[in-house]
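Only one structure is covered here, and it is reproduced in the block below.
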Amino acid sequence: MKKQITISGFGGQGVMSIGKSLVEAAVAEGMYATWVPSYGPEMRGGTANCQVVLSDAPVGSPVFTYPTELIAMNLPSLHKFEDKVQSGGIIFINSSIISQKVQRADVKAVYVPCDTIADELGNKKVANMVMLGAYIAATGALKEETIRQMLVHIFTGPKAKLVDLNMQALERGAQCLKA
Amino acid sequence: MTTVYRKSAGLQDRDLHYCPGCGHGIVHKLIAECMEELGVIDSAILVCPVGCSVFAGNYFACDCIEAIHGRAPAVGTAVKHTHPDQLVVTYQGDGDLASIGAAEIVHAAMRGEKFTTVFINNAIYGMTGGQMAPTTLLGQRATTAPLGRKKELHGSPMRVCELLASQEGLAYAERVCVADIPHLNKAKKAIKKAFELQLAGVGFTFVEVLSACPTNWGMSPVEANKWLMENMAAYYPLGVIKEAQV
Amino acid sequence: MITVAKELWKGNEAIAEAAVRAGCRCFFGYPITPQNEIPEYMSMRMPQVGGVFVQSESELAAINMVYGAAASGVRAMTSSSSPGVSLKQEGISAMCSGELPGVVVNMMRGGPGLGTIQPSQCDYFQATRGGGNGDYRTIVLAPCDIQEAVDMTQEAFDLADIYRMPVVILGDGMIGQMMEPIEWHDIPKRELPPKDWTASGRKGRDHSNFVTSLRIDAADCEQFNLSLEAKYKTIAEKETRWAEQDTEDCEILVVAYGTPSRIALSAVEELEAKGIKAGLFRPRTVWPFPSERLAQIAAQPGLKAILVVEMSLGQMLEDVQLAVKGAKPVRFYGRVGGMIPSVEEIAEEAEKILREVQ
Numbered sequence: 001m002k003k004q005i006t007i008s009g010f011g012g013q014g015v016m017s018i019g020k021s022l023v024e025a026a027v028a029e030g031m032y033a034t035w036v037p038s039y040g041p042e043m044r045g046g047t048a049n050c051q052v053v054l055s056d057a058p059v060g061s062p063v064f065t066y067p068t069e070l071i072a073m074n075l076p077s078l079h080k081f082e083d084k085v086q087s088g089g090i091i092f093i094n095s096s097i098i099s100q101k102v103q104r105a106d107v108k109a110v111y112v113p114c115d116t117i118a119d120e121l122g123n124k125k126v127a128n129m130v131m132l133g134a135y136i137a138a139t140g141a142l143k144e145e146t147i148r149q150m151l152v153h154i155f156t157g158p159k160a161k162l163v164d165l166n167m168q169a170l171e172r173g174a175q176c177l178k179a
Numbered sequence: 001m002t003t004v005y006r007k008s009a010g011l012q013d014r015d016l017h018y019c020p021g022c023g024h025g026i027v028h029k030l031i032a033e034c035m036e037e038l039g040v041i042d043s044a045i046l047v048c049p050v051g052c053s054v055f056a057g058n059y060f061a062c063d064c065i066e067a068i069h070g071r072a073p074a075v076g077t078a079v080k081h082t083h084p085d086q087l088v089v090t091y092q093g094d095g096d097l098a099s100i101g102a103a104e105i106v107h108a109a110m111r112g113e114k115f116t117t118v119f120i121n122n123a124i125y126g127m128t129g130g131q132m133a134p135t136t137l138l139g140q141r142a143t144t145a146p147l148g149r150k151k152e153l154h155g156s157p158m159r160v161c162e163l164l165a166s167q168e169g170l171a172y173a174e175r176v177c178v179a180d181i182p183h184l185n186k187a188k189k190a191i192k193k194a195f196e197l198q199l200a201g202v203g204f205t206f207v208e209v210l211s212a213c214p215t216n217w218g219m220s221p222v223e224a225n226k227w228l229m230e231n232m233a234a235y236y237p238l239g240v241i242k243e244a245q246v
Numbered sequence: 001m002i003t004v005a006k007e008l009w010k011g012n013e014a015i016a017e018a019a020v021r022a023g024c025r026c027f028f029g030y031p032i033t034p035q036n037e038i039p040e041y042m043s044m045r046m047p048q049v050g051g052v053f054v055q056s057e058s059e060l061a062a063i064n065m066v067y068g069a070a071a072s073g074v075r076a077m078t079s080s081s082s083p084g085v086s087l088k089q090e091g092i093s094a095m096c097s098g099e100l101p102g103v104v105v106n107m108m109r110g111g112p113g114l115g116t117i118q119p120s121q122c123d124y125f126q127a128t129r130g131g132g133n134g135d136y137r138t139i140v141l142a143p144c145d146i147q148e149a150v151d152m153t154q155e156a157f158d159l160a161d162i163y164r165m166p167v168v169i170l171g172d173g174m175i176g177q178m179m180e181p182i183e184w185h186d187i188p189k190r191e192l193p194p195k196d197w198t199a200s201g202r203k204g205r206d207h208s209n210f211v212t213s214l215r216i217d218a219a220d221c222e223q224f225n226l227s228l229e230a231k232y233k234t235i236a237e238k239e240t241r242w243a244e245q246d247t248e249d250c251e252i253l254v255v256a257y258g259t260p261s262r263i264a265l266s267a268v269e270e271l272e273a274k275g276i277k278a279g280l281f282r283p284r285t286v287w288p289f290p291s292e293r294l295a296q297i298a299a300q301p302g303l304k305a306i307l308v309v310e311m312s313l314g315q316m317l318e319d320v321q322l323a324v325k326g327a328k329p330v331r332f333y334g335r336v337g338g339m340i341p342s343v344e345e346i347a348e349e350a351e352k353i354l355r356e357v358q
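Protein chains in written order, with this note's numbering: chain S, 1 to 179; chain E, 1 to 246; chain R, 1 to 358.
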């Protein structure tokens, strides 16, 4: 198994942390993984993307031209990377703010209203977790339980209540695949 | 037989290379005597500069580190942080400290680094042959200011004690000179006080010594010391410039 | 808590932690992208281990603080990125002359001048040819990933102490900014010479120590330079390191270090999948450069050409040419200014060269 995932969006959409969560969970499951940020000079705003490789074997190049999956959290990201996705790959679209559909027929498109669901859950910040839930459900690349354990590890003390919120976000994201 | 005078144990038994009438040898002696009186020759670390006193490490009996031009305060910072209970002294001239090392000395003062800087101000670059220093007086001739320092062209001489006194981290600054015996005695007291304050851990301590450079000033030693008192001491006021309340 | 054999680390932070584990007790640095996580991590970690962290007023001050700490006998380190490392050359030269150990990390970014903040390898000449004034070298370690960066950082302090000289860890922005899992290895402890030369206070010693980089007498200075030369010969004999893959019967050999070497590894695998016999030669020290082994591979009758890949316009290329001495065609592919060569570009270039030399 080898996944090459491009995750892209506005700064502040949690794009980097989707990637970090994937890599952290993959490492917890004993896989090889790399996370490469495309870092710009701005501290806030602007566009941000990262490249993630998840693999059964040691990772050679941590950067790639053609992703197996694209997570587009905003429209410029879709425009920038749609053509690059490998044939047979998957494009995940944050349909809350991207009204455009995927133009290609040789890739699978998954539409996830991340921000809408996050609003329903009462916390805009979990939009990226909704997308992560959708990614895991669509690819089966990682176990949901690993993510839960990660969240328990991250959110401790007064923040422990955020575990359930994030798990709900993951679950709602996964449900988008069943619709 | 009573011993009337002896060389300080803080100095090695070597001949100095300094010119007749130069202040470096005198200030070396004062520092060495202060170290000896405080019983710290065996623990002190002296950071030497680039300039005429580049060989100071060959003269002092304590351990010495030769720093690059201007960087003695950076070296001193690291040495003091790693050896907080030992006396650390940087010895610097005016080109070294006030020109190429201006950033380093200001930031050592800003951080309140707990070492002592002894600053030899002779208003000229000595070792390289009499070029203009930031402390060269208006009208004073230098090989790079053959018609004398001009305010409109070169700016006015830098008063380093006063500049550093603006920094909260500076605990003690005094300007002294070594042009005659009474002033020399005062200079020694200032150096010793700075060392004592350093060892008490109060902050950055700084002693500026107005010192003659007869060779590059083109004067005899006697004329040079007279010129120093009449001109340098007039522009650079002697005395305690800052003493923080402990 | 999840128990994992491997830990996920960001490159810059991993290097900082590796330095702490190697006994580094002084860190001096100045902010510059893309290495800021190193001083940030050290500002938190140094006080925990009784060490010293100072954010210096400049790169000049930082390297001279390393000089001071080293002169007084403490393991010290600084890190920066290309423009900042240019400023550090003054102190690196002085440390070579004063024979002071220390570790300097350069997370290279695109140049010249302010350039860009994206990864690059454009400081190869500066790192491997001395960089500052004078006839000197530094040991230059070139990690290709975070694991190797961690292992090399831990070794760097021993190398610096053994040979009493600065050791440069030549990384690139990619290694500093990326994350991947690593394991903490126990680095084999080497026998270190006594630090009887430090200016740390006499403390009963019958003589004073004077650490200096000035040798005003020309004959003395020449003797000193010759002693450095002898030291560098020993280092070349004992410390030259490299890695290779599928070099036994390759027809095209890719030579790369750092991040491009792992991209090249994927390109080699892609070429092999197409039935092309490709190999990879990866210098792990770029000074000393593994010339002898490279020359041996170049002499293999089956080898048709060598492709050097760098994130520069061809700097290590010159060391490869010097090693190969015209035995085989040496070609070059480079991306610069913060651009990164891709797997496809490298594989395509290799195929093109093979077509041309057939």
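The C-beta atom is built at its ideal place from N, Cα and C for all residues, glycine as well.
Which residue marks the beginning of the alpha helix (DSSP H) containing Ile306(R), and which one marks its end? Looking at the DSSP string, Ile306(R) is not in any alpha helix (DSSP H); the run it does join, the beta strand (DSSP E), is 305-310.
Along the chain, which unbroken stretches of the alpha helix (DSSP H) at least 4 residues long are found entirely within the region 231-302 of chain R? 259-273, 291-298
Drop a sphere of 10 angstroms on the beta-carbon of Leu11(E), count the other beta-carbons inside from all chains shown, and report buried for 16 or more, exposed for fewer. buried
Which chain R residues are close to Lys20(S), counting only those with a beta carbon under 9 angstroms from its beta carbon? Result: Leu8, Met179.
Using a cut-off of 9 angstroms between C-beta atoms, extract the partners of Val343(R) located in chain S. Close partners of Val343(R) in chain S (Cβ separation under 9 angstroms): Gly60, Ser61, Val63, Phe64, Thr65.
Please list the residues of the region 55-80 of chain R that have a C-beta atom closer than 9 angstroms to any C-beta atom in chain E, keeping them in chain order. Against chain E - using a Cβ distance shorter than 9 angstroms - the residues of the region 55-80 of chain R are Ser56, Glu57, Ser58, Leu60, Ala61, Ala62, Ile63, Asn64, Met65, Val66, Tyr67, Gly68, Ala69, Ala70, Ala71, Ser72, Gly73, Val74, Ala76.
State buried or exposed for Tyr5(E), treating a residue as buried only when at least 16 other CB atoms are found within 10 Å of its CB. exposed
Let me check understanding here. Comparing Cα to Cα, which of Tyr236(E), Glu113(E), Gln198(E), Glu66(E) lies closest to Leu214(R)? The shortest Cα separation from Leu214(R) among Tyr236(E), Glu113(E), Gln198(E), Glu66(E) belongs to Glu66(E).
So if I threshold CB-CB distances at 9 angstroms, which residues from the region 210-221 of chain R count as touching chain E? Phe210, Val211, Thr212, Ser213, Leu214, Ile216
Residue of Gln167(E), Ala78(E), Cys177(E) minimising C-alpha distance to Val209(E): Cys177(E)
Looking at the secondary structure, which residues open and close the beta strand (DSSP E) in which Gly25(E) lies? From DSSP, Gly25(E) is part of no beta strand (DSSP E) but of the alpha helix (DSSP H) over 24-38.
Between which two residues does the alpha helix (DSSP H) carrying Trp217(E) extend? 214-217
First through last residue of the beta strand (DSSP E) which encompasses Leu170(E): The continuous beta strand (DSSP E) containing Leu170(E) extends over residues 170-177.
Is the CB-CB distance between Gly132(R) and Ile92(R) below 8 angstroms? With a cutoff of 8 angstroms on beta-carbon distance, Gly132(R) and Ile92(R) are scored as near each other.
Spell out whether any CB of chain S is found under 8 angstroms from the CB atom of Glu269(R). Judged by the 8 angstroms Cβ criterion, Glu269(R) is in contact with chain S.
Given Pro214(E), which residues of its chain have a CB within under 8 angstroms of its CB, disregarding the five upstream and five downstream residues? Cys19, Pro20, Gly21, Cys22, Ser220, Pro221, Glu223, Ala224, listed in sequence order.
Can you tell me whether Arg164(R) is helix, strand or coil according to DSSP? In the three-state scheme derived from DSSP, where H, G and I count as helix and E and B as strand, Arg164(R) is classed as coil.
For Glu40(R) and Ala305(R), what's the separation of their Cα atoms in angstroms? Glu40(R) and Ala305(R) have their C-alpha atoms spaced approximately 45 angstroms apart.
Confirm, please, whether the CB-CB distance from Glu104(E) to Ala255(E) is below 8 angstroms. A question about residue 255(E) goes unanswered here, because the residues of chain E that appear run from 1 up to 246.
Using a beta-carbon distance cut-off of less than 7 angstroms, what residues from the region 36-57 of chain R approach chain S? none
Determine the direct distance from the alpha carbon of Gly110(R) to that of Gly326(R), and round the result to whole angstroms. 30 angstroms
Identify the continuous beta strand (DSSP E) that holds Asp63(E) and give its terminal residues. 63-66
Enclosing alpha helix (DSSP H) for Ser38(S) [first to last residue]: Ser38(S) -> not in any alpha helix (DSSP H); beta strand (DSSP E) instead, spanning 32-38.
Considering only residues of the same chain and omitting the five flanking positions on each side of Glu180(R), which have a CB-CB separation below 6 angstroms? Answer for Glu180(R): Ile146, listed in chain order.
Give me the residue from Lys6(R), Met44(R), Glu13(R) with the minimum Cα distance to Ala181(S). Lying before the first or after the last residue shown, residue 181(S) is absent from chain S, which here runs from 1 to 179.
So what does DSSP say about Gln4(S), is it helix, strand or coil? strand
Going by beta-carbon coordinates alone, are Phe157(R) and Arg75(R) separated by less than 8 angstroms? Result yes, Cβ atoms of Phe157(R) and Arg75(R) sit closer than 8 angstroms.
Of all Cβ atoms in chain R, is any one closer than 8 angstroms to the Cβ of Thr68(S)? At least 8 angstroms separates the CB of Thr68(S) from every CB of chain R.
Is it right to say Leu182(S) is buried, meaning 16 or more other beta carbons lie within 10 angstroms of its own, or is it exposed? As displayed, chain S neither begins before 1 nor continues past 179, which places residue 182(S) out of reach and without an answer.
Give me whichever residues DSSP pairs with Arg331(R) in a beta bridge. Leu307(R)
State the DSSP-derived secondary structure class of Glu69(S), mapped to helix, strand or coil. strand
Measuring only between beta-carbons, confirm whether Pro83(R) sits less than 8 angstroms from chain E. No, no contact with chain E.
Is Cys96(R) helix, strand or coil by DSSP? helix
Look up Lys76(S) in the DSSP assignment and say whether it is helix, strand or coil. It is Pro, not Lys, that sits at residue 76(S) in the sequence shown. DSSP places Pro76(S) in the helix class (H, G or I) of the three-state scheme.
Can you list, in chain order, the residues of its chain with a C-beta nearer than 7 angstroms to that of Glu162(E)? Leave out the 5 residues immediately preceding and following it. Ile241
Using the beta-carbon count (16 or more within 10 Å), is Gln168(S) buried or exposed? buried
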